[in-house]
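Asker: Taken in order, the sequence shown gives residues 10 to 931; the numbers are from the working numbering.
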Amino acid sequence: MVRDGARTELIGRRYERQVLDGLLAAVRTGRSEVLVLRGEAGIGKSELLRYLLERADGCRVVRAAGVQSEIELSYAGLHQLCAPLLEHVDALPEPQRNALRTAFGLQLGDVPDRFLVGLSALSLLAGHVGDQPLLCIVDDAQWLDSVSAQTLQFVARRLAAESILLVLAVREPSAREVLPGLPELVLRGLTERESRRLLGSVVTGPIDQGVRDRIVAETRGNPLALLELPRGLTDAELAGGFAEPDVRPLSSQIESGFVRRIASLPEETRQLLVLAAVEPVGDVTLIRRAGERLDISVDDAVMNAEAAGLITFGTWARFRHPLVRSAAYRAVDAADRRRVHQALADVIDAEVDPDRRAWHLAGAVAGPDEDVAAELERSAARARARGGIAAAAAFLERSTELTSDPVRRGGRALAAARAKFQAGAFETARELVETAELSCLDEVSAAQATLLRGQIMSASRSAGAGLPLLLEAAKRLQPFDPGLARQTHRDAIYAALTAGRLANGGVRDVAEAVLSAPSHAVATTREDGLLLGLSRVITEGYAQGAPALRQAVTAFRTEELSREAGLGWLPLVCRMAHNVWDFEAWTVLSERLVGLAREAGALAVLSSALLLRLSNRVFAGDLQAADSLVAEAQAIGEATGSSFFAHYGALVVEPFRGRESATRAAIEAVTKDRLLRGEGKVLTATQWAAAVLYNGLGRYEEAYGAAVRGCENPQELGLSLQSRVELVEAAVRLGRRADVVHEARTIAEMAQSSGTPWALGVAASVRALMSDDRLADGRHRTAIELLDTTQVRMDSARARLRYGEWLRVRDQPADARTQLSQAHEMFTAAGAEAFAERARRELEAAGAKVASQSASVPKVLTAQEAEIARLAHAGLTNPEIGARLLLSPHTVEWHLRKVFAKLGISSRKEISLERLGEGALP
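1. Helix, strand or coil: how does DSSP classify Trp590 here?
2. Buried or exposed, going by whether 16 or more other CB atoms sit within 10 Å of the CB of Asp148?
3. Among residues of its own chain, excluding the 5 on either side of Ala371, which ones have a beta-carbon nearer than 7 Å to its beta-carbon?
4. Should the segment 671-682 be called in touch with the segment 843-863, which here means at least 3 C-beta pairs below 8 Å?
5. For the candidate residues Trp368, Leu829 and Leu33, whose alpha-carbon lies nearest to that of Ala383?
6. In whole angstroms, what is the alpha-carbon distance linking Val737 and Gly48?
7. Expressed to the nearest angstrom, what Euclidean distance is found between the alpha-carbon atoms of Ser41 and Leu143?
8. Can you tell which of Pro239, Asp309, Leu620 and His350 has its C-alpha closest to the C-alpha of Ala286?
9. Sort out for me which residues DSSP pairs Arg327 with in a bridge.
10. Check whether the segment 596-607 and the segment 575-584 touch, using three or more Cβ-Cβ pairs below 8 Å as the test.
11. Helix, strand or coil for Ala932 per DSSP?
12. On the CB-based measure, 16 or more other CB atoms within 10 Å of its CB, does Gln162 come out buried or exposed?
13. Beta-carbon within less than 8 Å of Leu194's beta-carbon, same chain only, minus the 5 sequence neighbours each way: which residues are those?
14. Quick check: what's the CA-CA separation for Ala883 versus Lys918?
15. Given this structure, state the Cα-to-Cα distance separating Ala772 from Ala760, to the nearest angstrom.
16. Under 7 Å between the Cβ atoms of Leu284 and Ile296?
17. Give the DSSP-derived three-state secondary structure of Glu301 in the structure shown.
18. Could you tell me if Pro254 is buried or exposed, where buried requires 16 or more neighbouring beta carbons within 10 angstroms of its beta carbon?
19. Which complete alpha helix (DSSP H) runs does the segment 720-803 hold, if anything under 4 residues is left out?
20. If we call anything under 7 Å between Cβ atoms a contact, is Val801 one with Phe489?
21. Going by CA-CA distance only, name the one from Ala777, Thr799 and Phe844 that's closest to Arg790.
22. Give the DSSP-derived three-state secondary structure of Val256 in the structure shown.
23. Can you tell me which of Glu452, Leu450 and Ala482 puts its alpha carbon nearest to the alpha carbon of Arg462?
24. In the segment 383-416, which residue ranges form an unbroken alpha helix (DSSP H) of at least 4 residues, counting only runs that do not cross its ends?
25. Go through its chain and collect everything with a Cβ distance to Ala35's Cβ below 7 Å, but skip five positions before and after it.
26. By a C-beta neighbour count over all protein chains shown, 10 Å radius and 16 as the cutoff for buried, is Gly719 buried or exposed?
27. Give me the residue from Gly492, Glu889 and Gln696 with the minimum Cα distance to Glu721.
28. Tell me which same chain residues have a C-beta within less than 7 Å of the C-beta of Ala892, skipping the five on either side of it?
29. Just list the residues that DSSP pairs Asp292 with in beta bridges.
30. Since Pro580 and Leu541 should fall inside the 8 Å C-beta cutoff, what is the C-beta to C-beta distance between them, to a whole number of angstroms?
31. Report yes if the C-beta distance between Ala337 and Leu274 is below 7 Å; otherwise report no.
32. How far does the beta strand (DSSP E) with Arg72 in it reach, from first residue to last?
33. Going by DSSP in three states, Asp820 sits in which element: helix, strand or coil?
34. Along the beta strand (DSSP E) that carries Gly48, what are the first and last residues, could you check?
35. Can you name, in chain order, every residue of its own chain whose Cβ lies under 8 Å from the Cβ of Leu660, other than the five neighbours on each side?
36. For Leu885, name the three-state secondary structure that DSSP assigns.
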């Protein structure tokens, strides 16, 4: 005989309970902790969560549970968790408040960036802890909608000192990777002794020893299996051992046991359980109203369900275990499920929750239904407006399935494919494009389908893989939508420049396509001018395209630019400002791009914008500002689980510092990053970085080899052009001037075409290196004069270093000391340690005495502490610093207290750049 319905004590799990007790103790001291419980169905995750709740005296508790039927409804899980705190949402900074309210459908607004929503959720949770620690419990996280899971992962990575304990339970194995990289505790089965004890607590009658041994062996210590599988055996089977072995997976056996138990209940109780299974939040009032709609005697059904130990009805309806929910859904046929969905749709207020109502209406129909399909289409538009791309995709995919008209079906399938692509579901997006193309598409839609195919291929394979399709799409779009065709050409040429040597077809194919487009025959807009100028640089040579390209860059710098246009065009424009050596435009436009991305909360664009900006600051000789940008980019990378931003930032900054191990580590990390294997531009960047590093260290043979490889694909422009300068310097130091005559001439020709002081100054410095003694002196002076009119202090310092070295070798020590001393001061101020050391050695050789920089003050602040100190010194408040670095204000305050202690100060007013610059930074 088996005891029914009673909950047993928690047996075993001593270590796991100690871990949870330790986490609770930690958050009561002001720390924040995160834990992911992982394990198979029935292994005890939910019981451990109950254990945690029972010991959470003095804590405020918020909780949520993933529901399989809501896995496509964006922010549904996050909304569940945050709902009890939403009364405080107005206390958030306006951008965060608007992002969260829009994401939850509480107001209309621009689509919020998902990481801004994450920061908003972090601020909401952290801002209302007060004197009570906050316990956040999420069960069945494997069924959270993807954007909620990603947001909670973001929040988990940023918690530090807010007195928050976030514990999430994930069933393994899962169809997708859920919450990777977070602290986790993997639950194993109970020991044999514990298993026998648990089994004995529910089997009260006689049980054959062989049956007992088999149950213990087959359940492998799974507590729920030990409790539930005996219920499927008769007393005779338990006592005599006559049951047939079950070869199905354990979770299937447990769920089947629940199905049998549910099937034995009265019909109205079964219907009530299905209603509770389909209603994801457990809203008792809604379940009762839907039950009455089905003519269920709700009170009797609730009593029967609770007596069976399957569910409890209190403030919320809570299933005993997630497998009970799925079993309840399986226990009835499709017709009954449709009736349940219809009943819920009938009682949901269409004004309050139109999207959940539409989802239930879709579950209530058995075949095509245009009214429901149209309602799902409207739900998709609402979901997209609040940033729920995955939800919009799900609504549109279901809308497509319910559409019989071939024209409408094609349009909806294409819209669904576009949303699936934006949500990162590339394979499903490709399948939906095929569905659309099998329907009746007009010429514009067919061209858009081709465009989407190209975008999917570029995103899923490499930057250049989809180029042929993008070009075909642009050509087909040209007669109908020149604006979209122009944007497609922009994206194609950006992808081709990024793919570089690895592009399928190459950047030249894209440039030729741009030049052949009828709308580009005359540059009537700055956008056309940019594309035409760049295309002519690629196809006809730098001299033919650079003037038009520079003119377009100037137009972008001086004319008004909307936020949408800025976010779309400025990434390419900033790269082109660098390519035409217009440092002022590069400075202004990169700063504007960062500002637009921050203002919009567009963190996906902001990460790229920060990298463009930090490159600019490195050339400006402002490595401290570059460090600040690296820290911000790294914060985004940490929040998204990507290390690329930190590595690429190091790739640009560390070579100028002369830190070989850090540069080599960044080169190795970027080279091995599987997401960058299709980006030839990155390979060029690594070789340029190595060339700068070794020129700074005076290891010219290594610099020469790296620079040669960096110059291999000049059509990539950018750092490929800069590699030519490094190559000439290394070659001259090696006495191989004759090998780089072509590169020196190319630099001079580019400078002439550009005409900017930066370009002409660098070209003059290169010509000086290549000149005989009669001409070199004047060219060195010209280079310094030109570069001193710009903000490119790194190149200005390097020009002085080259001139000083030349003067010393020509036995003019006094003049050499003047130039080398100025170079040394500039490099030291910039933090360019290797170049400063090279200048110091030359100064000593010229007869000067200069203290080595090796005996510097010990470093005491971490990179994050240093960045927070800089921002505090700049006058930013804790919430503003938190918004910049994706931290809660509590964590900012915690870091500042550590800064004060390390620097021996007591307030942010005492922070000074001098103090930060005197060895306190990493």
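From the three backbone atoms N, C-alpha and C, an ideal C-beta is built for every residue, glycine too.
Answerer: According to the structure data:
1. coil
2. buried
3. Val381, Leu385, Arg407 and Leu411
4. no
5. Trp368
6. 60 Å
7. 9 Å
8. His350
9. Thr321
10. yes
11. For residue 932 there is no data in the structure shown, the boundaries of the chain being 10 and 931.
12. buried
13. Glu25, Val28, Leu44, Val45, Leu46 and Arg47
14. 10 Å
15. 6 Å
16. yes
17. helix
18. Note that Pro254 has pLDDT 48, beneath the 50 cutoff, so the model's placement of it is unreliable and the number below is only indicative. Its Cβ having fewer than 16 others within 10 Å, Pro254 is exposed.
19. 728-742, 750-763, 766-779 and 782-796
20. no
21. Ala777
22. With a pLDDT of only 43 at Val256, under the threshold of 50, the placement of this residue in the model should not be trusted, and no figure is reported.
23. Ala482
24. 398-410
25. Glu42
26. buried
27. Gln696
28. Pro102 and Leu128
29. Trp325
30. Incorrect: roughly 18 Å between the Cβ atoms, too far for contact.
31. no
32. Arg69 to Ala74
33. coil
34. Glu42 to Gly48
35. Thr672, Ala675, Ile676, Val679, Ala694, Thr695 and Ala698
36. coil
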